[in-house]
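Worksheet: the structure to be examined is printed underneath.
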Amino acid sequence: MFRKFWKKTPLAWLQLTRQKSRFFVALAGIAFADMLIFIQMGFEGALMDAAVKPHMALNADLVLVNPQLQTLFSVQSFAREHLYQALAIPDVKSVSPLYFSTGQWRNPETRLSRNILVWGIDPAQSPFNLPDVNSNLDQIKPLGQVIYDQAGRPEFGNIAQLYQSGKPLETEIGTKRIQVAGLFTMGASFAADGNVIASDSTFLHLFNRNPEQIEVGLIHLQPGADLLEVQKELRQHLPSNINVLTIEEFAKIERTYWAEGTGIGFIFGLGVIMGFIVGIVIVYQILYSDVSDHLPEYATLKAMGYGDNYLLGVLMQEALILAVLGFIPSLALATGLYQVTYAATMLPIFMKTERAVNVFVLTVFMCFISGVIAMRKLQAADPADIF
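The sequence shown runs -15 to 371 under this note's numbering.
As C-alpha cells, then:
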C-alpha cells in the first residue's frame, strides 16, 4: 500500500523542487505556522508547569486541603487538629503542617512593595524536595530569618547579589522586619511573582495567624503502604470538610483553575488554532499554484489513463513532503527559542517529546487538509483541454 502511495517516479518531489525559490518560501511559511503553534503550546505548558511547581516539589505522599481551595492565590485554611487525626490510620507514618499566605515584600533598594508568596514550614521536617531549601533549614530557625527565591521577579530587588555580597540583608514583609538568611530556586508562577520560605514561628509572627489554622497538611506513609487504599481510609475517617489528595491531584486543582477558571486556556488555545489556520492557507496557496501551473500535464496523465486517485496521491505526497521538511526547522528554532526564554525568565519551558509529536501530527493534518481543498482544482483537469 505504501509503495502505491509513494510512486517509483518521484513526481511530487520533482514538481515541488522545480521552482526552488517557491519551494523554500513554502517551507518557510509552514515553519512559521509551526512556530506559532510551538510558541503558544510552549508558553501555556511553561506557565502551567510553573503554577504547579510548588505542588510537585512537596515531600509528601498525600495532602490534606480545604475542599474550597482552588489556587494558591486564594488561601483556604482548615483546623490543624484534622491533620493529627490522620495518625489514627496505621499506615500513616508522620504528618506535618504547611502554612502559606501572600505578603507585601519591600524592595530593599527602591522601597516599593510587591506581593510575594510566603511559606511557613517546620525546620525540623522540610516539606520540600528542594536541596537549596533543605540545606538552609538551620538558617531559618531564628525568628525573622527567611530564605529567598532567587528565581523570582527582578522587581523584588537584586536580592541574590546583595546577599552574596556578604553584608546583612534586611527588608520588610508587611510591617515586620526580616533578614534574608539564604537563597533557593523555585520560580515565579501565576499564583506569585516570587517565594519566601520561613519557619512556622516566623510565619505566624509575620501574619499574626492562629497556629491552629493551616493551609496544607502533609502526610507521609509507612514503607510499602498502598497509597490509594490509605487515601480511601482517610476520606472515611476524616470529616467531609477535608479533602485528601495525592500530589498529582493537588497539582491538578491548580492547573484546572488557571486553564478553565480564567481566560488563559482559551487565549493559548486560540493562538494554536490561528497558527493552524495560517498553515492551511499557506500550504493551500502553494499546492493550488502548483496544480494550476501543471494543469495541462495533469490533463495529459488523465488522457493516458491515470485516474483522480493517482493524481490525489501525488498531491498528498507533496503535502507530506511539505509537512515533514517544514516541521524540521520549526522544531530546531522552537527549541532554541525555549532555551532563550528559559534563560531570560526562568520559566520551565522546554521542548517535550509529546509536544513535538502533537505539532508534527497537526502539521501533517494541516497539509493534508490543504491538499484536499486543492484537489478541487486538480479534478478540473480535462483531457479535452490539451487537444
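Glycine residues also receive a C-beta, built at the ideal position from the N, C-alpha and C atoms.
{"Item": "Cβ-based burial, Arg68 [other Cβ within 10 Å; buried from 16]", "Value": "It is Tyr, not Arg, that sits at residue 68 in the sequence shown. Looking at its Cβ environment, which holds fewer than 16 other Cβ atoms inside 10 Å, Tyr68 is exposed."}
{"Item": "Validate contact between the region 185 to 196 and the region 46 to 54 using beta carbons, cut 8 angstroms, 3 pairs", "Value": "no"}
{"Item": "Gly259, DSSP secondary structure in three states", "Value": "helix"}
{"Item": "At least three beta-carbon pairs within less than 8 angstroms, the region 37 to 50 to the region 335 to 352", "Value": "no"}
{"Item": "Reference Glu93, options Ala10, Thr155 and Glu338, closest by Cα", "Value": "Thr155"}
{"Item": "6 angstroms Cβ shell around Phe(-11) - same chain, five flanking residues per side excluded", "Value": "With a pLDDT of only 47 at Phe(-11), under the threshold of 50, the placement of this residue in the model should not be trusted; the figure read from the coordinates follows. The answer, listed in chain order, is Gly297."}
{"Item": "Arg64 versus Glu199 - alpha carbon distance", "Value": "9 angstroms"}
{"Item": "Cβ neighbour criterion (16 or more within 10 Å) applied to Glu302", "Value": "buried"}
{"Item": "Whole beta strand (DSSP E) elements within the region 23 to 51, 3-residue minimum", "Value": "46 to 49"}
{"Item": "Residue of Ile124, Tyr294 and Leu315 minimising C-alpha distance to Phe187", "Value": "Ile124"}
{"Item": "Cα-Cα separation, Ser80 to Tyr132", "Value": "22 angstroms"}
{"Item": "Those residues which DSSP pairs with Gly166 across a bridge", "Value": "Ile131"}
{"Item": "Among Val324, Val341 and Ala327, the one whose alpha carbon lies nearest that of Ile312", "Value": "Val341"}
{"Item": "Three-way DSSP call (helix, strand, coil) for Glu281 in this model", "Value": "helix"}
{"Item": "Three-state secondary structure assigned by DSSP to Ser354", "Value": "helix"}
{"Item": "9 angstroms Cβ cutoff met for Val130 and Ile157", "Value": "yes"}
{"Item": "Backbone CA spacing between Arg339 and Phe168 [nearest angstrom]", "Value": "29 angstroms"}
{"Item": "Inter-stretch contact (C-beta, 8 angstroms, three-pair minimum) for the region 7 to 26 and the region 205 to 223", "Value": "no"}
{"Item": "Neighbourhood of Pro223 by C-beta distance below 8 angstroms, restricted to the same chain and skipping five residues each side", "Value": "His66"}
{"Item": "Beta-carbon separation (whole angstroms), Asp75 vs Gln206, contact threshold 8 angstroms", "Value": "5 angstroms"}
{"Item": "C-alpha gap between Met359 and Phe8, whole angstroms", "Value": "22 angstroms"}
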